[in-house]
Structure formats: C-alpha cells, structure tokens
Amino acid sequence: MKFNLFAEFVHGKKYRERGLPCQDFAATLEFGDVQAIAVADGHGGKDYFRSDTGAQLAVETAFELLEQIYNDVGNVEKIFDDRGIRNFELSIVEGWREKVLADWYQRLDSRDNEVRWQTVSDKYKARFTSDDENIRKHYIPVAYGTTLICAVSIGTQVLIVQIGDGSCVVLRRDGDWEVPVPPDKANFANVTTSLCDEDAFEKFRHIVLNCDGNSPVAIFLSSDGLDDCYPLFDNEKHLFKFYRETVINGLLDDGFDATAAGLREDILPYMTERGSNDDISLAWLVAEDLDLLKATVNEPQVQSPVEPQTQSTVNVPQTQSVNVPQTQSTVTPQIQTVIEPQVQSTIEPQTQSTVAPQTQSTVAPQAQSTFTPQAQSTVASQAQSTIEPQVQPTQKLTSPMVKPPPKVSPVLKAQNITDLPPTVIPAKIDRKEPRQ
Amino acid sequence: MVMKRPEIPRKMCPVIFLLDTSGSMDGAPLGAVNRAIENVLPELISMNNDNPDNEIKVAVMTFDYDAKWIVGETELLSPDDVSKSWRDLKATGYTSMGAAFRALNDKLSVSHGFMQRASGSVAPVLFLLSDGEPTDDYKAGLQILQQNNWYKIAVRVAVGYGEANYDILREFTGNEGTVLHTNDTDELKNTIRFVAVTSSRVASQGSSVSPDDPNANPDDNTQTVANALQNQGGNLNAKLDPEDDF
C-alpha cells in the first residue's frame, strides 16, 4: 500500500518556559518502496542533558539501518521475520550507542558551556567524566536517553518497533481502531523504559501488520506529550477520537497538505499549551488513496472470519505475560489493560553499582528466549502463504546484520555493528526544527 | 479552512490530606487543623476558578485507631463540595500511620481508586500532618506506598507539630525542603494553609517556572514545591498572591 507520510514535533510549554530545548524528534524516510516514520522522546530529567540529541540520533540510527537492510537485501520480495526484527532492534541499540559515544567525544570542549550540563547531578557528572573509560562508556548513554517508535512499510507489510512510552494507533480497513504494539507496564507518567537502559534490547516490543485482508489504512505514532493530554483511564479511546475527529476528518475535508499545516501551526502547539505542557511528536502513515480512507470511515469493510491473519509477530518484554494476539480483532482488550502504578522500577535507568562494558548488556541468550514458538510458527505459516503465489524469491530481512543466532558472543555482536559496510547512503531524513 | 481544535479534558489535580487525629491532637492543635482546612478550601476554589486547564479535587483521610476517608471514600470531591459538607474533626486513639499509608496506596490507582480521571501530566498532592510517633508499623505501609507510581511522581509535603518525628515525615516526602514543623498552635494553622495552598498551586499549574531555579527538573514536582516554600519562607501569615509564579 502507498502511504502519505507526515512527521512533526513541537516544543513543550514546560521546557520552552524554562529555556530548555525541545527533546522530541520526529522524521519521515522514503526511498525505493520503503516508507518509514519515527518519533523519539528524549527524557526530561536533569541527568539526561543531551536527550534532544539522543532522540535525533535514535531516529537517524533506525533510518540508516533501514537503508542498509534494504540495499543489502536487493530487489527481492521482502517480508519481516522475527529474527531479522530482533537483529534490527539490537542494531538500533548498538548503533545508537556508537553515535552517542561519537557525539560525546566530539563535543568534549563545548560541554561545560551547555545550559543543561549545569543541572546535571554531581553523581552523574562524576560518572560522565570518570577517569575509568568503562565507567564513562557505561553511563554516557544516560545523558542521551530517549524512547523510540518506528513504523516501516515495505512491500505488503508494516513493521512497528517501540521502546519506551508513546503510542502507535492503527485504523484498520474494517473500521476498527487499535493499539497493536503490546504495552510495557514499566512506562508510567514521566517514567519510561529507554534506549539508554542497560538491557534496552530486551525492552523493545514490535509487531508486523500485513497489508492484505484487513489492512492498516492509517498508522499514527505519538510521543507521550500527546497521550498525556488525556486521562490515563481509557487513554486509547481519547486518542482514537482525536485521530478520527481531528486528523482524519481534516484529511477528508482539506487534504494532506492543509491538515499537516493545521497540525503544525495550530493544533499541536495548542495541545501542549492546554494539555500536557510536554513536547509533542506526531507522525503518520496514511493511505494515499483518500477514497479508501473515506470508505474505511464511512463504509467499513467487515472482515470475514476466514480472512488470513494480519498480525504475524509480536514481541513483548520478557517480564510481561501478555498473550500473543492471534487474530486481528482481538488485540484491543489486552491493550486496554489499565496501567497499574505498582510494578515498575525507578526513574534512574542505570544506577547499577556494578559497571560493565555495554556489550555485556546485550546478552545473546536473551534473544533466544524471545523467539516464542507461537511467533515462529506464525511467521513460518505466513511466509509460506506469501511465497506460494509469488514468482520472485522471498528473502527475509535479516541480511545486513548477518549476525549469527543469539548464541554469538557479545563481543562479536559489537564487531558486527562496526563492520557494517562503509558505503551506506545517509538516510534521507526530513529534518525540521521544532515548532514553538 | 481552519481545523477544529480537539476537546482537551480539564485535567484533575488530586489534593489528598492525611491528617493525624490521635488523642494527643485533642484541643487546640486539632482546632487549628479544623480552622486551617476551612481556610484552605476557599483558596482551592479560587484556584479552580482561575485555571481552565486543571481542576483540583480533594480527599481527606484521618488516622487514629485506624485510617478512615472523611472525604473521598468513593470519589474525589470539588473543594466547593467539601466546603459545604465539612464537619470539625474529633481526636481520639492512636497514630496508625502505617494503616494510613496502606489505605492511601489502595486509592492511588487508575482501575479502582481516585486516579481514573488523572493524566500523566498532573501530579497529585499528598499532604501529611502528624504530631507524634506512629503507633503501628509505619515502615511496612510506607514501603508499599513507595512502590506506587503515583506516589513517586506526587508532590509530597508534610507538617509536623509538637512531638512529631521529623525523620519519618522526611521519609514520607523524600525531600527535607517540603517538611515544616512548629510547636505553636497559631503557627500550625498558618503552616498548614501555607503548605497546602503552595503545593496545590504548584501541582495544579503544572508547568510553572521557579524564578530562582529556571533549570530545575520540570518533572521533580516535590523539589519544585520545596523551592516555592523556600522562596516564601518565614512569611506564613502573608496572603499568598495567586499571581505568584513558583
């Protein structure tokens, strides 16, 4: 399916009033038959003093990896498989950390003049500037801490990967709204899982949506600055209403450009001012065919029960016991689980007393355990049904990080990242300055 | 064409009082508490009238032999409704602070407590008043409460009177800047009002700037209140200017 792309981020009231930077970042990427959007929300706490840069680097890392994957796979039918997705997530974590460390050492001389450096706690200043390189490398990513949600449309599938808070909301061809990525109960208010967490790789969640049958017609990504404009209880219902009544009605009445402009110039700044006071990011993949969007809203296509499954894989953090959804319309109840505020850890992501090199955190065997039998078997059966009518060979998107299966040593994984081909084309990221 | 702006619900700012009504509070101290609450409520009403984005809602728990919700057993009430139904508190019994912490923890819940209308962007205010040592296992109750995410993001303030244990009050707030103490009943009334009004205003304003510390962590709500209390310290009898920016 061909989508229209949009991404915008606006400066939150509570940061603007204090002279602090916008810490959200959002962008779009389009090349070949790849269409991608991403939003990242840098943390607001005082020790995350370069989280604005961290958010931008997260989006750039994901987009550059997508180009590498795409270029490496070549002109073949592409589908996502679970191992490839986990490799993608691992590569985001490691690629982001490399970029973060490069940025840190590049800006050593100017650091002391940065406004947010003045607010960093003594504890973290000591860690960031430790004489011990292992300690520095362990803690420097904290300064850049951020969430990330990325949606990628390639061929007949859309992959969504997420770490931390924020939301992905999907409108299906049958008119149903859903939040398909499994929730992470560790996210609450201003506490979130993060790319800077030592075990960030384990905290990624993802899902693949198939664009046959009950296709996704609109996919919206938002940072929590938008979510927090509404009460926590039934938060999704408020988001559905916002997308339906404000965004989609705008698209159907005024088209893509006018709606995008309206959101940039008025709606999103209004929402931070009157709602959350936080930075707000919003991005969408919306069917370019507005007649299809109109028909979805006005004449939802009821799906027959024999339709093929449209959700192929789901990954959830290992600490959760969320069921893998097996049918397209049964996701919502599990997603609407109320956030209970008693299950989570502290706001400090890296307060462990033992300092270890970062590569130790991406412990390989953990990846193995995320490949649940359900997910694997679902992928396998879907891959078969995809392959059969195809003339072209099908290649799973595992190639560029041809990392051996998860038993590979952590050291090798780190090398794999640095060994990525140097001829990578820079991602064509649609960069923007945040709206005030 | 101008897009229609979405409706953004007025966000709820819960202000929850935990008041020690043990026997030692009998007489002048509890009289001061009763008068203080009577004085605070009109100021909360005024804040609500001035703030179209956020709305203060109130709950009041007393603890003596056990913990009991005087206001908010089933839902948080507007300060106006509380004002109309307020009855003076009576003092009796022990200081069951641990039971109070556990009862508070039960209500700090989206699914079965006060927080259904809460959003992730407005912190609740938790106000603790005590005049003595807890007579039950306060530690166990506090440990449960400290795992609650609403507690973690809350504005936590405490007022101690007479023989109150400062260390325990500080343990509750997690910030010595939001614990005030007095031995004088007249000052107790003003201190309660000062702390309750200041913390409620900071919490309900959400993004207010601390003029002395513009780089303060915008998400550390208790520290923001500590700064605000410090900025106005020593002037408990002054009328609090609603235009003040904390």
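The listed protein sequences derive, respectively, from chains A and B.
So in the working numbering, spot 170 of the first sequence is number 170, and the numbers just go up one at a time.
So in the working numbering, spot 243 of the second sequence is number 679, and the numbers just go up one at a time.
Note that CB positions come from ideal geometry on N, CA and C, so glycine has one too.
Here residue 540 of chain B is near residue 497 of chain B, since their CB atoms are less than 8 angstroms apart. Residue 529 of chain B sits in coil when the DSSP states are folded into three classes, being neither helix nor strand. Pairing residue 219 of chain A with residue 9 of chain A gives a Cβ-Cβ distance that is not under 8 angstroms. Between residue 151 of chain A and residue 202 of chain A, the alpha-carbon positions lie close to 19 angstroms from each other.
Residues of the stretch 267 to 278 of chain A whose Cβ lies closer than 8 angstroms to any Cβ of chain B, in chain order: 267, 270, 271, 274, 275, 276, 277, 278. Under DSSP, residue 172 of chain A forms a beta bridge with A/216. Distance from the CA of residue 112 of chain A to the CA of residue 637 of chain B, rounded to the nearest whole angstrom, comes to 34 angstroms. Residue 605 of chain B has its alpha-carbon roughly 8 angstroms from the corresponding atom of residue 564 of chain B. Looking at the DSSP output, residue 505 of chain B sits in a beta bridge with B/497.
Per DSSP, the beta bridge partners of residue 231 of chain A are B/555. Beta-bridge partners of residue 608 of chain B (DSSP): none assigned. CA-to-CA, the gap between residue 624 of chain B and residue 484 of chain B works out to about 25 angstroms.
Nearest CB-CB separation between residue 246 of chain A and chain B: below the 8 angstroms threshold. With its beta carbon at least 8 angstroms from every one in chain B, residue 168 of chain A lies outside the interface. If you draw a 10 Å sphere on the C-beta of residue 298 of chain A, you find fewer than 16 other C-beta atoms in it, and that means exposed. Taken atom to atom, the span from the alpha-carbon of residue 667 of chain B to that of residue 657 of chain B is near 15 angstroms. Taking CB atoms only, residue 561 of chain B has no neighbour in chain A less than 8 angstroms away. Here the stretch 149 to 164 of chain A makes contact with the stretch 29 to 38 of chain A; the two share three or more CB pairs at distances below 8 angstroms. Taken through DSSP and simplified to helix, strand or coil, residue 164 of chain A comes out as coil.
Its chain contains 464, 465, 468 as the residues whose beta carbon lies nearer than 7 angstroms to that of residue 621 of chain B, once the 5 sequence neighbours on both sides are disregarded; these appear in chain order.
For residue 107 of chain A, the secondary structure class from DSSP, reduced to helix, strand or coil, is coil. Here residue 186 of chain A carries a coil assignment [DSSP, helix/strand/coil].
Linking residue 159 of chain A to residue 180 of chain A through their CA atoms gives a straight-line distance of about 11 angstroms. In summary, residue 5 of chain A is buried, with 16 or more beta-carbon neighbours lying within 10 Å of its beta-carbon over all protein chains present. For a cut-off of 8 angstroms, the C-beta gap from residue 578 of chain B to residue 537 of chain B is around 5 angstroms, short enough to register as a contact. For residue 202 of chain A, no beta strand (DSSP E) encloses it; the enclosing alpha helix (DSSP H) starts and ends at 200 to 203. Taking a Cβ-Cβ cut-off of 9 angstroms, the neighbours of residue 229 of chain A in chain B comprise 442, 444, 445, 447, 555, 557, given in sequence order.
In the DSSP annotation of this structure, residue 243 of chain A is not part of any alpha helix (DSSP H), being labelled neither H nor E. Contact between the stretch 269 to 284 of chain A and the stretch 9 to 18 of chain A is present: 3 or more CB-CB pairs across the two stretches fall below 8 angstroms. The Cβ-Cβ distance between residue 221 of chain A and residue 230 of chain A does not fall below 8 angstroms. When B/503, B/454, B/592, B/574 are compared, the shortest CA-CA separation from residue 534 of chain B is found for B/574. Here the C-alpha atom of residue 63 of chain A lies approximately 27 angstroms from the C-alpha atom of residue 262 of chain A. The DSSP-derived three-state label of residue 178 of chain A is strand.
Of all alpha-carbon atoms in A/255, A/264, A/277, A/282, the one lying nearest the alpha-carbon of residue 290 of chain A is that of A/255.
At a cut-off of 8 angstroms between beta-carbon atoms, residue 489 of chain B makes contact with chain A.
A direct Cα-Cα distance of roughly 12 angstroms separates residue 452 of chain B from residue 511 of chain B.
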